[in-house]
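Since the structure comes first, as structure tokens, the remarks are kept for the end.
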Amino acid sequence: MANKAFGVINSAANYIRVEGLHDYRPIGAFSFLGRFRVIDFPISNMSNSGINRIHVYLNSRPRSIVEHIGDGRHYNINSKRGNIQLLFTQNNGHSSIYNTDINAYLENLEQIERMPQDYVIVAPSYMIYKQDYQKLLDEHVASGTDITLLYHKVDQAKEYYRACNVVTLNKQKGVQSLERNMGTAKEKLISMDTYVMSKEIFVDLIKKAKKESSAYSLADMIALACETLDVRGYQHKGFFAAITSLDDYYRANMEMLEYATAMDFFTSDWPFYTKTTDACPTQYFHGASVTNSMVCNAGLIEGTVENSIIGRNVHIGKGAVVRNSIILSYADIGDGVYIENAVVDKWVEVKKIKKIVSESVTPTYVKRNDKL
Amino acid sequence: MANKAFGVINSAANYIRVEGLHDYRPIGAFSFLGRFRVIDFPISNMSNSGINRIHVYLNSRPRSIVEHIGDGRHYNINSKRGNIQLLFTQNNGHSSIYNTDINAYLENLEQIERMPQDYVIVAPSYMIYKQDYQKLLDEHVASGTDITLLYHKVDQAKEYYRACNVVTLNKQKGVQSLERNMGTAKEKLISMDTYVMSKEIFVDLIKKAKKESSAYSLADMIALACETLDVRGYQHKGFFAAITSLDDYYRANMEMLEYATAMDFFTSDWPFYTKTTDACPTQYFHGASVTNSMVCNAGLIEGTVENSIIGRNVHIGKGAVVRNSIILSYADIGDGVYIENAVVDKWVEVKKIKKIVSESVTPTYVKRNDKL
Amino acid sequence: MAQTSMLAMILAGGRGSRLHELTKKVAKPAVAYGGKYRIIDFPLSNCANSGIDIVGVLTQYESVLLNSYVAAGGRWGLDTKDSGVFVLTPREKADCGLDVYRGTADAISQNIDFIDAYDPEYILVLSGDHIYKMNYDKMLSFHKEMGADATIAVRGVPMKEASRFGIMNTDDNRRIIEFEEKPEKPKSNLASMGIYIFTWKTMRKLLIEDMKNPDSSHDFGKDIIPVMLNGDKKLYAYEFSGYWKDVGTIDSLWEANMDLLDSDNELNLDDTSWKIYTEDTGIIPQYIASSAKIDGAYINQGAHIGGEVSRSVIFSNVKIAPGAKVIDSVLMPGAIVEEGATVTRALVAENIRIGKNAKVGNKKSEEILLVAKNVKGED
Amino acid sequence: MAQTSMLAMILAGGRGSRLHELTKKVAKPAVAYGGKYRIIDFPLSNCANSGIDIVGVLTQYESVLLNSYVAAGGRWGLDTKDSGVFVLTPREKADCGLDVYRGTADAISQNIDFIDAYDPEYILVLSGDHIYKMNYDKMLSFHKEMGADATIAVRGVPMKEASRFGIMNTDDNRRIIEFEEKPEKPKSNLASMGIYIFTWKTMRKLLIEDMKNPDSSHDFGKDIIPVMLNGDKKLYAYEFSGYWKDVGTIDSLWEANMDLLDSDNELNLDDTSWKIYTEDTGIIPQYIASSAKIDGAYINQGAHIGGEVSRSVIFSNVKIAPGAKVIDSVLMPGAIVEEGATVTRALVAENIRIGKNAKVGNKKSEEILLVAKNVKGED
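Protein chains in written order, with this note's numbering: chain G, 38 to 409; chain A, 38 to 409; chain E, 24 to 402; chain V, 24 to 402.
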């Protein structure tokens with residue numbers, strides 16, 4: 038391993054907003070499959086790639102992520118040799134135009150400049166995918182390019198990925214443009230907001246951004262840099278989800294109910310680490326019926342569950358039916374309740390309302406702590 | 038141990054401001070004796086008292102404290118059975134009038150209400166003292182009082198403790214008033230901003246404060262409560278420092294150069310825990326002269342050090358003289374430099390300016406990262 | 024500073040030969056239980072939850088897995104500044120050679136140097152192979168209150184079964200006046216649970232004397248307790264009434280698993296105020312396929328259910344293929360049941376594969392079948 | 024996922040009898056060094072810094088302190104999800120009794136089951152009692168590049184001293200063609216450092232064969248390496264040139280400590296890119312009193328200096344009273360030198376007290392004095 042990089046994990050841009058869930062935590066802290074948090078994926082990718090110095094940028098409501106990451110031992114990062122450093126910004130009004138990644142980097146420039154590694158891998162905390170960053174870095178160095186950008190080819194760019202950027206490439210995989218997805222076509226190359234570059238270029242872009250505009254993001258700077266630097270695309274294949282809307286969130290979870298997709302993504306040679314909770318196994322009572330679902334531990338299942346994701350410590354009462362839904366931890370779905378096409382947040386208790394159904398494509402969202 | 042409490046460690050009030058040092062970190066993160074951070078003392082007091090569920094409230098610039106506390110294993114808190122929970126506030130403009138402890142509690146009321154313990158011990162992150170909170174709690178319960186408040190009798194209330202509150206007590210140790218120290222007399226009873234009460238009263242005061250004034254602190258609410266509740270004082274004895282000004286900070290460090298004071302405070306039956314850094318021992322070269330000082334590890338001492346505190350990884354050059362000063366980690370004091378009565382912050386390099394002396398009682402402060 | 028001044032020593036040296044092949048490669052305390060746990064998680068979690076910081080685990084038999092399992096004390100939060108789980112095996116010493124632990128008391132005696140290093144006031148001696156939840160801190164309070172030299176935890180057993188146990192006869196103040204091992208005519212129904220608190224100063228002396236005694240078998244029950252009773256030591260019985268199970272046989276291990284299927288089972292593993300901690304991996308949740316049918320089960324994360332499951336306990340990484348049936352059984356981690364196979368009244372060991380269409384176990388058999396070797400399939 | 028597929032085994036079983044009383048209650052690798060460290064911190068920190076996640080520490084002799092010291096793998100950051108330090112002592116097995124490790128190779132052979140559990144491609148075998156900083160990852164790259172079966176770390180020694188060492192004779196490509204133990208007429212000056220990387224698949228076979236060989240002493244140097252050379256295995260020498268010291272005697276241990284007083288000492292313990300991790304307590308900084316006089320010293324936190332110190336290494340909790348003198352000496356943790364006492368050219372063991380006005384050691388003595396018992400004072 039001749040080429041060494043440190044990692045930077047970034048928050049979602051200020052214009053990205055996921056209805057409901059986002060009111061209570063940043064996207065990185067969203068539950069995935071009831072067990073993981075979205076930020077587990079970029080951190081695990083880095084850990085598995087041998088990157089053991091990682092900066093995680095936090096803006097609004099950092100508590101859940103701070104607790105979840107702790108000292109990073111569960112991500113298999115040697116706490117003496119490496120570390121996961123949590124970096125905060127003062128400027129933490131989520132939707133403020135000044136709440137950009139660049140401003141976060143500027144506030145912590147001393148930390149960045151002190152890193153001994155020559156390269157940096159920047160990855161977002163709001164996307165889920167699997168990628169060997171060491172391979173990406175080796176490729177980056179071998180090609181002699183200035184910036185390598187990870188992209189994914191999608192065919193649903195009209196309905197999904199609406200808050201993402203799209204790239205256009207020339208024949209040599211050179212990036213010609215990087216701009217917001219306007220949903221103009223189904224097929225697009227979605228930027229995965231993941232970049233490899235030298236620390237020098239990274240620091241340079243940050244400092245230049247300050248002069249250009251106080252509201253510029255790193256993506257904006259890279260878009261500009263396409264004119265002067267050698268910026269190339271690197272295609273990612275396999276499962277990819279950008280959690281930039283409730284629809285995208287729902288779809289990402291539901292896609293994993295396809296067993297082949299799940300088995301392809303979760304393999305023993307590339308573990309995804311998470312903070313565990315010592316929850317006991319789940320109890321299925323006589324009369325329960327569960328099909329095509331993922332169920333987390335410490336559940337008490339008395340009713341029917343179909344095509345759903347059930348989080349930790351969830352109770353599904355007698356005669357209750359949960360269909361095509363995501364039920365997050367500690368929710369209590371009372372006897373006889375019918376839920377379809379919904380995302381039910383943590384600590385929700387549904388007892389009195391007997392039916393929660395969304396008729397549209399977008400699922401209904403039930404607020405954290407609500408008693409219905 | 039029949040009575041169980043959870044701990045709350047709070048940030049300094051918005052009107053407390055320590056010149057210089059405070060620009061870079063909250064008081065809880067200030068270095069004490071070059072080795073500890075101020076927040077180590079309240080956390081260790083809690084850990085030693087058997088309190089293993091601790092809420093630490095952070096407002097501005099939380100990075101250093103978050104890194105320092107990590108998952109709390111070094112504070113001897115069982116991470117499965119207990120935990121140190123870091124709680125943030127959105128409202129983090131340091132000197133905003135809304136930046137009160139009460140508003141921090143309100144933002145995290147869900148976490149507070151979910152604690153299973155019946156009692157709470159509230160302690161400040163900006164004071165240094167030793168106290169067995171279990172004893173305080175037992176006394177509190179035995180006396181049947183509503184709120185117990187820790188106080189310390191001082192005889193320098195004119196020069197020091199200026200941002201603290203003072204209490205007046207009746208013969209039964211009942212608190213009659215709690216108000217800002219106006220420096221009107223030498224002898225005062227200083228409130229140590231440390232309270233024991235039931236969780237119920239705590240939550241009640243928080244909720245009432247919201248109605249009273251958006252800018253009220255817990256101390257304000259307790260001052261009000263003196264009229265309706267049974268609020269009693271409990272006298273603390275031994276070393277006590279309130280780090281509420283650069284003078285207080287300097288004095289607290291210097292007092293520890295009195296060997297008897299240090300030995301009385303640091304005893305093996307009441308360890309103060311801190312995050313350690315695996316720094317190697319300190320090297321004293323031929324020609325060095327060190328007297329009446331505390332020196333941290335990984336130092337390179339070639340010059341003269343008198344009545345001073347020398348932090349980790351500090352270099353004192355040949356012929357340099359450091360007198361009555363506090364030199365924080367990674368500072369480099371060049372050959373022949375003379376420093377007297379100064380607080381030199383981290384990563385400072387003094388090479389070109391040959392003399393730094395403060396003539397007044399208040400020490401000179403040299404800014405972090407400065408090259409002089 | 025430790026919350027209690029009590030150090031715990033877990034006796035985990037048993038060969039557990041009545042568990043047959045299950046303990047061939049694994050010490051008994053490392054045997055899997057309850058969909059997720061290993062037996063030793065129970066005493067270790069009890070220690071952690073009781074505020075005990077230092078735990079010695081005494082082992083000598085085939086202990087690689089047990090050793091590396093308990094050495095990671097972080098599983099029970101016992102890896103703070105001043106806490107730890109230490110595996111203590113027989114050691115070669117300056118003045119004597121390497122020798123196995125000759126008895127429960129000898130195991131402690133050989134580690135007096137370890138205990139002394141922590142200078143505890145009390146030591147708690149536990150067995151590594153019982154399933155129960157117990158607050159040892161409460162037992163210690165009782166011990167202190169009584170001013171006891173030794174406190175022995177006991178539980179009431181049906182009088183007619185009492186002759187199968189070590190029985191403690193006490194006076195009205197719970198002071199033990201007599202100890203009878205499997206008495207023909209029991210005078211009380213208070214059976215020893217093999218859980219002791221000793222005042223260390225007293226016990227240290229007794230152990231040193233016992234080591235010198237050539238007639239001793241160096242066992243707490245057989246040698247030390249009788250010596251204490253014959254002397255004027257104060258021994259007290261501490262009564263425990265919660266769920267408790269010795270899982271020394273295949274049948275009792277299976278039963279203890281089945282107990283978890285009761286909706287109001289006494290062990291109450293989902294009580295968050297007294298969690299049992301264990302190795303918890305970042306595996307995916309349990310995946311229940313469209314073809315699955317579950318009628319009463321206790322299933323851990325990472326299991327994949329394609330077939331039918333009735334009244335069974337399923338560990339992580341178990342795969343039950345579509346068309347397979349699992350009835351009244353316990354499937355340990357990594358067990359695989361292929362298409363068309365049926366498993367009935369069986370305990371399937373770790374990583375065992377039941378081949379296509381194989382039939383294993385019998386609904387009517389009295390004993391539970393232990394499946395510790397792969398079973399070939401039939402086409 | 025591990026960064027390397029290499030597992031390390033540290034041989035820490037040595038009685039270290041040449042260190043006399045220092046190793047009476049402590050295994051040699053746990054002996055204190057350098058003001059702050061224990062010897063085994065060096066191989067363990069090297070492992071952590073080289074990205075090795077799993078380390079077995081093989082020990083059989085008086086290991087309570089060593090055992091509980093290394094079991095807390097967090098000291099070296101080796102307590103993450105997939106890393107750990109495991110103490111491996113001789114074990115009783117289903118098919119054989121309890122036996123000591125009979126040689127360096129036997130120690131590994133008896134733990135094949137442990138190694139297999141991690142399925143590594145390579146194993147690194149280290150000695151627990153050398154002071155050095157080495158990147159084993161680079162050695163592994165060399166091993167892979169050469170396609171070696173075994174790589175042995177060597178260092179150049181003065182040719183005239185070569186006959187005191189195990190010497191590797193190599194061809195131009197660094198392939199080892201001959202190994203001579205203490206040759207009368209050495210052909211090269213490349214001495215083995217007792218640090219080996221083996222391709223595990225190959226070594227596993229050789230160890231199993233060696234176990235069956237009744238004539239073998241089960242030692243890597245004496246048995247395994249010769250067998251490999253006689254076969255057609257590829258052995259390579261990897262040259263190391265940094266600071267390296269075997270601290271097997273009182274004199275060499277003292278010398279290794281004194282080396283740290285050089286301003287440009289090669290070991291460079293303050294290099295933050297390759298830290299040596301150790302137990303680091305929250306003790307107060309070193310306290311230098313008004314009466315102190317320090318002329319060349321290496322002092323750890325928690326020491327209290329009231330007297331004079333010249334050219335000495337001072338560990339934590341050492342107290343040197345006003346009026347006491349410490350010259351050319353090493354004071355291990357907790358050593359106390361009372362008023363008026365003088366310590367010269369001595370190595371004072373842990374927690375030893377040198378009484379008032381006592382004179383210990385001699386400026387002119389050739390050998391370093393080991394002080395392992397309290398020295399009475401004189402009034």
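Backbone N, C-alpha and C fix where the C-beta goes; we use that ideal spot for every residue, glycine too.
- Per DSSP, the continuous alpha helix (DSSP H) segment holding I135 (chain V) begins and ends at 135-141.
- Listed along chain G is no residue with a C-beta nearer than 7 Å to that of N291 (chain V); the closest approach is about 16 Å.
- For the pair of segments examined, the segment 192-206 of chain G was found not to touch the segment 141-151 of chain G: the number of CB pairs separated by less than 8 Å stays below three.
- Interface annotation, N115 (chain A): not in contact with chain V, CB-CB separation never under 8 Å.
- Counting along the chain, the unbroken alpha helix (DSSP H) around A297 (chain A) starts and ends at 296-302.
- Chain-ordered, the chain A residues with CB closer than 7 Å to the CB of G100 (chain E) read N115, S116, K117, R118.
- Closer than 8 Å to the CB of R269 (chain A) there is not a single CB belonging to chain E.
- The criterion of a C-beta distance shorter than 8 Å is satisfied by E204 (chain E) and G244 (chain E).
- The C-beta distance from Y367 (chain A) to N350 (chain A) rounds to 5 Å, short enough to meet the 8 Å contact threshold.
- Flagged as an interface residue toward chain A: F125 (chain G), by a C-beta distance shorter than 8 Å.
- Of all C-beta pairs linking the segment 252-268 of chain V to the segment 188-203 of chain V, three or more are shorter than 8 Å, placing the two stretches in contact.
- At a Cβ-Cβ threshold of 8 Å, I273 (chain V) and I375 (chain V) do not count as neighbours.
- Contact of G57 (chain G) with chain A is not assigned, every C-beta pair being separated by 8 Å or more.
- Against chain A, the CB of T103 (chain E) has a partner CB under 8 Å away; the residue lies at that interface.
- As summarised for the segment 47-124 of chain E, the continuous beta strand (DSSP E) elements at least 3 residues long and confined to that stretch are 77-81, 107-111, given in chain order.
- With 16 or more other CB atoms across the displayed protein chains lying within 10 angstroms of its CB, R110 (chain A) is buried.
- At a beta-carbon threshold of 7 Å, none of the residues of chain A lie near Y261 (chain E); the nearest stands roughly 18 Å away.
- Taking a C-beta distance under 8 Å as the contact criterion, A252 (chain G) and N202 (chain G) do not qualify as a contact pair.
- D129 (chain V): member of the alpha helix (DSSP H) spanning 127-132, first to last residue.
- Taking the C-beta atoms as reference points, S132 (chain E) is found nearer than 8 Å to D233 (chain E).
- Residue contact with chain G for D351 (chain E): absent (no Cβ-Cβ distance below 8 Å to any residue of chain G).
- Rounded to whole angstroms, the Cβ separation of L284 (chain E) and R334 (chain E) is 6 Å, and the two are in contact under 8 Å.
- Residue range 42-47 is occupied by the beta strand (DSSP E) that includes N47 (chain G).
- Between K59 (chain E) and S286 (chain E), the gap from beta carbon to beta carbon reaches 8 Å or more.
- In the DSSP annotation of this structure, the continuous segment of the alpha helix (DSSP H) that includes I80 (chain A) starts and ends at 77-85.
- Under the three-state reduction of DSSP output, K228 (chain V) falls in the helix class.
- When secondary structure is reduced to three states using DSSP, L292 (chain E) falls in the coil class, being assigned neither helix nor strand.
- In this structure, the CA atom of S186 (chain V) is about 39 Å from the CA atom of A316 (chain A).
- Straight-line measurement puts the Cα of I106 (chain G) at about 20 Å from the Cα of Y170 (chain G).
- Under a criterion of Cβ atoms nearer than 8 Å, no residue of chain V is adjacent to M291 (chain A); the nearest Cβ is some 14 Å distant.
- Chain-order list of chain G residues neighbouring Y300 (chain V): K117, by C-beta distance under 8 Å.
- Any Cβ of chain V closer than 8 Å to the Cβ of D136 (chain E) would place that residue at the interface, and such an atom is present.
- For chain E, the residues of the segment 298-321 of chain A that bring a beta carbon within less than 8 Å of one of its beta carbons are D306, W307, P308, Y310, in chain order.
- Out of V:K387, V:E389, V:A369, V:S388, the CA that lies nearest to the CA of V398 (chain V) is found in V:A369.
- Rounded to whole angstroms, the separation of the alpha carbons of M229 (chain A) and M219 (chain A) is 16 Å.
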